[in-house]
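Below you'll find the structure, written out as structure tokens, and then a few comments.
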Amino acid sequence: MGMKYVFITGGVVSSLGKGITGASLGKLLAARGYRVSMQKLDLYYNVEPGFLSPLEHGEAFITEDGTAADLDLGHFERFVDVTLGGGASYTTGRIHRRLIEREMRGEYHGSTVQAIPHVTNEIKTCIREAAQAADSEIQLVEIGGTVGDMEASVYLEAIRQMRWECSKPNDCCYIHVTLMPFIVTAGELKTKPTQNSVKVLRSVGIQPDVIVCRSEVPMTTDAKDKIALFCNVKSANVIQNLDVDCLYEVPLMLEKEGLARAVLAELGLENRPADLDSWKAMYRHYRTLTRTLHVALVGKYVTVPDAYLSVREALLHAGMAEGVHVLLTTVNGEEITADTVDEMLIRFDAIVVPGGYGDRGTDGMVVAAKYARENRVPFLAIGFGMQLAVVEATRNLLGIADANTTEVDPETAHPVVRMPEERVCQNDSRGATRMGGSDVRLSEGMLRTVYGADMVHERHSNRYEVDPAYVTALNEKGFRLVGVSMETGYPEAFEQQDHPFYAAVIYHPEFQSRPLKPHPLFRAFVKAAKR
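Numbering-wise (the numbering used here), the sequence shown opens with residue 19 and increments by one.
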């Protein structure tokens, strides 16, 4: 069959969960045997999400090929269990850069470069290239922002054109995700915001085929019929998307509502039986969990829930596999000191220090690492957290009180973590970063036992490396190097001897964890915390 496209737009307000809707639809289509991929088109002018502060947009999801992408790609990888590439994440800035590079190469032959057709053509090219690279049958494309945003207009025009450029009109399907607010005093759901949002969408030439309504309370049949009447869609294509406690319930809820059936009908494809048995079993198991494990996440972006989204989800996956509910509590590293650490961390069963950058809150993270090491609290340090764990060990095991990372103190006399010389002179800060998947060789120890292998493949996102000059002395103190990069030879993983669980890794295992395939490192961490 030819390529099919499903475009997902949002209306009324932002943060409605278009990414979760797309990931859930991807799961339902994949469960029917279709090859599915996803793409996120963001409206902002930053060239890539990796340069955005986590305080504004949450985490940047690192893909296998080293792209720092929008976190919605993480939802799709986790739900569908696929690996996406850099072409799955585009911003307006990245598209405009491609456009300008074409113009500078003379590809427009002196023509005036305009929004239509040049920008819209570039958007369509990015969509088609991503679909071809993924070798998918159905490409889901999420348009960021909301209908009516000034920045969205060129994207809406591009996807409007795509329906008429495809070989058949039913090669494209438009899904519009809206909010149906519940007015407590009136005791009813209001359909008018959805009607107005669809009106705006239709004004630019797009008639949605399916409308997904986010709501706090169940929709009545009358409400669905009213939306169908005024928005010109079939009643069966008005889909309810209720608020839930667990994201992994959403695919099952949307399957019951008939989302995949509606989309496949609009695309002219067979509605095959869906194999969701393992997903249903996972969710049923989750609902039976009664024991709660309390885990502290000591970080710096604690005011934004999505800043550590993949770590949170990886712990949820591991908890389900180990039969416990993991309750993750963020603890501000800036508030932890040697005087407050006992009071702030004593109630937790385990401690995680995740990735990040910059000097804010690092002293508290170092104190947390010391607390976990000395009090035998299960401890997992990731990325920047690993570097701070090495700093702590160097200070307190080797007695080098002023040891530090040059990211925090560029003038430190003992740069136990530093940027390699071969990366210093690069003008592009992203180019100086080790990004994407690469192999790690594990030596004898706990981590090799956890993985069941002496060679593992993990995703990276780091500019700074641990100086090998300190490794021998740390090994002698029981802070052992057990993982080395096959690509660069730099230290990748440390563990503390005679400790229930102490692992510090420069790579980011959270990006490869899946609900049905929890990452072994997170599972071992949760298992140790259970004891």
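The beta carbon of each residue, even a glycine, is placed where N, CA and C say it ideally should be. Because the structure is a prediction, the values reported are computed rather than measured.
Whole-angstrom distance between residue j and residue i, CA atom to CA atom
i           : j           : result
residue 340 : residue 210 : 46 Å
residue 194 : residue 241 : 16 Å
residue 261 : residue 197 : 11 Å
residue 94  : residue 100 : 8 Å
residue 53  : residue 40  : 14 Å
residue 510 : residue 360 : 29 Å
residue 104 : residue 490 : 38 Å
residue 331 : residue 124 : 46 Å
residue 236 : residue 249 : 19 Å
residue 81  : residue 90  : 12 Å
residue 239 : residue 188 : 27 Å
residue 376 : residue 319 : 11 Å
residue 73  : residue 111 : 20 Å
residue 179 : residue 76  : 32 Å
residue 426 : residue 118 : 37 Å
Cβ-Cβ distance between residue i and residue j below 7 Å
i           : j           : result
residue 473 : residue 459 : yes
residue 30  : residue 215 : yes
residue 159 : residue 57  : yes
residue 310 : residue 345 : yes
residue 379 : residue 352 : yes
residue 527 : residue 537 : yes
residue 218 : residue 165 : yes
residue 395 : residue 354 : no
residue 98  : residue 22  : no
residue 481 : residue 455 : no
residue 312 : residue 263 : no
residue 199 : residue 208 : yes
residue 388 : residue 422 : no
residue 356 : residue 385 : yes
residue 419 : residue 407 : no
residue 524 : residue 404 : yes
residue 60  : residue 162 : yes
residue 47  : residue 299 : no
residue 295 : residue 49  : no
residue 374 : residue 402 : yes
Those residues which DSSP pairs with residue i across a bridge
i           : result
residue 224 : Its beta-bridge partners do not exist; DSSP assigns none.
residue 513 : 498 and 521
residue 433 : 422
residue 200 : 207
Cβ neighbours of residue i in the same chain (closer than 7 Å, five flanking residues each side left out)
i           : result
residue 463 : 498, 500 and 513
residue 176 : 138, 141 and 142
Helix, strand or coil at residue i according to DSSP, with G and I counted as helix
i           : result
residue 250 : coil
residue 307 : coil
residue 338 : helix
residue 231 : strand
residue 423 : strand
residue 372 : coil
residue 456 : strand
residue 330 : helix
residue 415 : helix
residue 315 : strand
residue 395 : coil
residue 141 : helix
residue 32  : coil
Cβ-based neighbour list, residue i, same chain, cut-off 8 Å, excluding 5 preceding and 5 following
i           : result
residue 475 : 455, 456, 457 and 458
residue 267 : 301
residue 126 : 120 and 136
Contacts around residue i, its chain only, beta-carbon distance under 6 Å, and the 5 residues preceding and following it disregarded
i           : result
residue 545 : 340
residue 329 : 372 and 528
Within-7 Å CB hit, residue i to chain D
i           : result
residue 366 : This model lacks chain D altogether, as it is built from one protein chain only.
Closer than 6 Å: residue i CB and nearest the ligand MN heavy atom
i           : result
residue 242 : As for the ligand MN, it is missing from this structure, which has no ligand bound.
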